[in-house]
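Residue numbers (the numbering used here), protein chains in the order written: chain X, 11 to 247; chain S, 28 to 239; chain Y, 28 to 239; chain G, 214 to 432; chain V, 214 to 432. Since the structure comes first, as structure tokens, the remarks are kept for the end.
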Ligand code: HEM
Ligand SMILES: Nc1ncnc2c1ncn2[C@@H]1O[C@H](COP(=O)(O)OP(=O)(O)OP(=O)(O)O)[C@@H](O)[C@H]1O
Ligand SMILES: Nc1ncnc2c1ncn2[C@@H]1O[C@H](COP(=O)(O)OP(=O)(O)OP(=O)(O)O)[C@@H](O)[C@H]1O
Ligand SMILES: [Mg+2]
Ligand SMILES: [Mg+2]
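Quick look at the structure:
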């Protein structure tokens, strides 16, 4: 018990708001530079690899679609972890990061939805079909928006944080549903070929730009969430 | 074992503002504390912090000799709102609270009709609560204190809307409760009509209360 | 032309019971009437009957010298409930009532910030009403009486939840209103702190009140 | 009166999140349907107008019961009853504010949802038009129910019996006008005109009845 | 606890036709769909279970937002929060009472509506069974939404937005179990068991999360 609380205190010491701001301020420029570089390389790779013999040029949508889809889920997972942080350790930064992550997650989800439907028109002949993968992502989008709406509707930030943390945790059931929907139900959508237990089953030709883009998106996510964290925790005390 | 209430260094916050801090006192069985102060000075906030409904900023509230050390479980809280359903009759409301709250292990609550009688409202137990006048509603809310025994009473302006005779009757109920070894903490603007009570004067934003 | 309030043979019923009957009085500009009586004796019922919210069983209420003979339109009613929205700020609530109620043709209401000032709450006009303490809420409800002028004030336990200084301040407001030629009818359990008011004692079920 | 309209709008924005919520709600309801009926796009586009109308009805019903009850509970209704302003006008303005806050966003969002349901342009346009014309009627009917509910603390039964049967004609003419626009043989105008007539009728009757109910409920 | 259950039942009966408004809304939804689909009886009977499920889901939303808000407004919630009885249990019992008053009537009314939709006996029986098993899950999920929005005076729409996405799995498995009972190749039991599992899961998670939300929003 006491050991645990000691560990928690250390953890909070490390992530205490003022130190965090200092750290964030020093690292942010580097992050931004790195992100830009990664995007440049990624985009270059995207447009230099050759098209798929089946899908032609549309395959390039994948380089945006797949990272966006991954990040939409990762963002929610980060929010769920922050929610745990709010409820269990009552860490001041946790709810700020959860709040900052929600709109970004909504953006990524939106991007995945849009690129997905752009891709779906040539591949399936319709912008939108109600299959399990697509709908569960749509539900994720709705949940992001619901959380944002809840946060805006409640005026006491402390209470809003706790209450939305609870909701985030309950809503986490959706993430495994998204991930495994392609296996549990027979859907039109592609089953996983990269994030699999038995290793990626995709041509390295496509894998390389994909991974670079994924990394670039992730780097985009970090400063996007940490900047509001820094400013808000600085202002909120 | 007689009950004893310890409050140590209590501080509470509303929104951004620290409403009070460093409030400490000890109340023994049979003692009453009256909390006074101007409007907005933090009386209700103190009572809610004591009852555990508002998580205090710092400090600790502890009760000895009442089973669990958790004050919420061995106290009655009577706030500004009466905690009664307008659609149910007075009797139904009281029977519900008696069943729901149960009784503290050693104490014994009064039967519902005796409690109604004690509050001087014998004729109207069959009326829906929403039909009563403001003062009658307040009296009924007090009957809840009698039907399920709790050693500590936390009362927020209990006598608002009461007429003079009800004031006296209420003072009598409090006196009986104190004699049985109970503890009363009450926030009021009017004197309660009981002798020998201690007083805690709240002074509002970040002021420190002092027990007289 | 100064206002004059005529009440003739008023009787009102709640459910099956006739709460009072044969209440008659005349109030001239600058006069105040205090309605007293035990809980449930019919004070609130009388005020609601005066304000036209409860259709009286028999009798008539009439006002002279205030445009229409309908008392409702030229009076303020302050009931047990504050008629303010918890989600809006104090200022927004008052601005709304000022716009909605308009002003009586000859009188003039105070600007909202002056009214807030007059109630001694200048610091908190920007807070949502739901954040205020019980006494602060009651004070704000009184500010409504000031922002739109009405010659007659019908007040139901106006000083419930007020502290001593607010009591005095309120007495001051009533005195000013009377001096301006207004009329006040107030139901209370505590003395209002104004001299020379008449008193109407309600005696409950089918009792007759007598003006002293 | 503008003050009342603005206040009610402000209240619904503050407390519930505003127009965004209405649209979100609608999207959620529409997203739920395909899970039930299955992803058959043809079927979806066929039942699309009906779904949009049901979503709108539900959105209007949610929160309608509190239209006057909230005013009564905090005492504002008493003050409103006492004013010189005719009560009918007050009720009308409250209805309009309620519709603006909860009906209008649905109307505006309906084309987007029509796309989700794979409806064609004509169907989308027709549904949006019928929603625009028809949803106010639901609010007006609902106001009567809400006013009656305020009157009788135990009369909720009456409200539902009153509101939904009256709302069904609105729904039926709305939906059939939307279909008529798509399917050739049936003419669009007759059901649409009937819908307009219903709305105008309830715009008069609704506030009048609601005001009468409110007056007789005060005590 | 039985006292709480009985009180909540009594309240919903006294205070206004909670059960009836649900059933009426349910019937309205079911009555309107045929207009969209057209009088094709085969199609109607095919999508029947789905329509019944969607109607039930939407009907459960009505009045859900007041589950804890009414308690909070009159101060009862404060007293409940202070008791020794675990709050989770209180929430559970309130959910059960709410379901008995507003979910159970829907289940009971569903065979009648099944007849309207021209469904055969097996389909009606299966739909009723899945509704019986599945609707409590909706109430439990709804309790989380209601607890989260307890401090928001007009949370009606917001509650539905928070609740519906989580309720979608219930709908999916409820409908597919009902279909499986009718269409031969698909086995009835697996989706039905999953439905039971979901309900049990939310019977635990729902009250826990709702209790946590209630605690953290008290002030
Ligand atoms: C709006 C429609 C769409 C949505 C919401 C969507 C959603 C997603 C999601 C959430 C993932 C991540 C899966 C995981 O990590 O396991 C994903 C991956 C993927 N999607 Fe989509 N998608 C859509 C349309 C499409 C279309 C039309 C195609 C092409 C036919 C497609 C091809 C892929 C591929 C190839 C992957 C990578 C799978 C992997 O390797 O793990 N998606 N999509
Ligand atoms: N809606 C109602 N239906 C039936 N009876 C009612 C209703 N409202 C009040 N009564 C009864 O009418 C009587 C008078 O009530 P009223 O509210 O006028 O009393 P009061 O003098 O204001 O009391 P208090 O000092 O408690 O405010 C009471 O006995 C009450 O039970
Ligand atoms: N929910 C809230 N959020 C923010 N501030 C609040 C909230 N509730 C109360 N306050 C503020 O806290 C202060 C103390 O309020 P409290 O209700 O404790 O006063 P009180 O002493 O009980 O006053 P009264 O005599 O008027 O009842 C007030 O200034 C009030 O504005
Ligand atoms: Mg107080
Ligand atoms: Mg009274």
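Built from N, CA and C at the ideal position, the CB exists for glycine as well.
With its beta carbon at least 8 Å from every one in chain S, residue 307 of chain V lies outside the interface. With respect to the 8 Å criterion, residue 408 of chain V and residue 347 of chain V are classified as neighbours on the basis of their beta carbons. Between residue 68 of chain S and residue 230 of chain S, the C-beta spacing is below 8 Å. Residue 303 of chain V sits buried, since 16 or more C-beta atoms from the chains shown fall within 10 Å of its C-beta. Contact annotation, residue 277 of chain G with residue 245 of chain V: C-beta distance approximately 18 Å; criterion of less than 8 Å not satisfied. Residue 40 of chain X sits in a helix when the DSSP states are folded into three classes. Nearest Cα to residue 43 of chain S within the set X:223, X:219, X:224, X:169: X:169.
Taking a Cβ-Cβ cut-off of 9 Å, the neighbours of residue 158 of chain Y in chain S comprise 41, 42, given in sequence order. Neighbours of residue 79 of chain Y across chain G, judged by C-beta separation under 7 Å: 295. For residue 169 of chain X, the distance from the CB to the nearest heavy atom of ligand 1 is not below 7 Å. For residue 183 of chain X, no chain G residue has a Cβ inside 7 Å of its Cβ, as the nearest lies near 15 Å away. Residue 259 of chain V counts as buried, since no fewer than 16 other beta carbons sit within 10 angstroms of its beta carbon. The beta carbon of residue 243 of chain G sits no closer than 7 Å to any heavy atom of ligand 1. Closer than 8 Å to the CB of residue 162 of chain S there is at least one CB belonging to chain Y. Interface residue (Cβ-Cβ distance to chain Y less than 8 Å): residue 71 of chain S is classified as such. No beta strand (DSSP E) of 3 residues or more sits fully in the region 52-133 of chain X.
Put simply, the CB of residue 244 of chain G is near chain X, with a gap under 8 Å to one of its CB atoms. Rounded to whole angstroms, the gap between the alpha carbons of residue 283 of chain V and residue 359 of chain V is 11 Å. Neighbourhood of residue 266 of chain V in chain G, by CB distance below 7 Å: 249, in chain order.
Rounded to the nearest whole angstrom, the CA to CA distance from residue 213 of chain Y to residue 202 of chain Y is 13 Å. From the listed residues Y:196, Y:190, Y:163, the smallest Cα separation to residue 150 of chain Y is found for Y:163. Remark: the shortest separation between the CB of residue 217 of chain Y and any heavy atom of ligand 3 does not fall under 7 Å. Within chain X, the residues 152 have their CB atoms less than 7 Å from the CB of residue 240 of chain G, given in chain order.
Against chain G, a Cβ distance below 9 Å from residue 127 of chain Y picks out 214, 216, 217, 220, 292, 293, 296, 298, 303. Exclusion of residue 126 of chain Y from the 7 Å shell around ligand 2 follows from its C-beta lying no nearer than that to any non-hydrogen atom of the ligand. The shortest C-alpha to C-alpha distance from residue 103 of chain S to any of V:288, V:287, V:292 is the one to V:292.
Taking a C-beta cut-off of 8 Å against chain Y, the contacting residues of the region 185-196 of chain S are 187, 188, 189, 190, 191, 192, 193, listed in chain order.
Contact check between the region 118-130 of chain S and the region 51-71 of chain S: fewer than three CB pairs, one atom from each, fall below 8 Å, which does not count as touching.
Of the candidates G:285, G:289, G:295, G:295 places its Cα closest to the Cα of residue 99 of chain Y. Using a cutoff of 7 Å, the CB of residue 144 of chain X counts as near ligand 1, since one of the ligand's heavy atoms is closer than that. Contact with chain V is absent for residue 422 of chain G, since none of that chain's Cβ atoms lies less than 8 Å from the residue's Cβ. From the beta-carbon of residue 116 of chain X, no residue of chain G is found nearer than 9 Å; the closest lies around 11 Å away. Per DSSP, the continuous alpha helix (DSSP H) segment holding residue 123 of chain S begins and ends at 117-128. When beta bridges are read from the DSSP output, residue 226 of chain Y appears opposite Y:61. In the same chain as residue 35 of chain Y, and ignoring 5 residues on each side of it, the C-beta atoms closer than 6 Å to its own belong to 51, 86, 87, in chain order.
For residue 86 of chain Y, the enclosing beta strand (DSSP E) stretches over residues 85-91.
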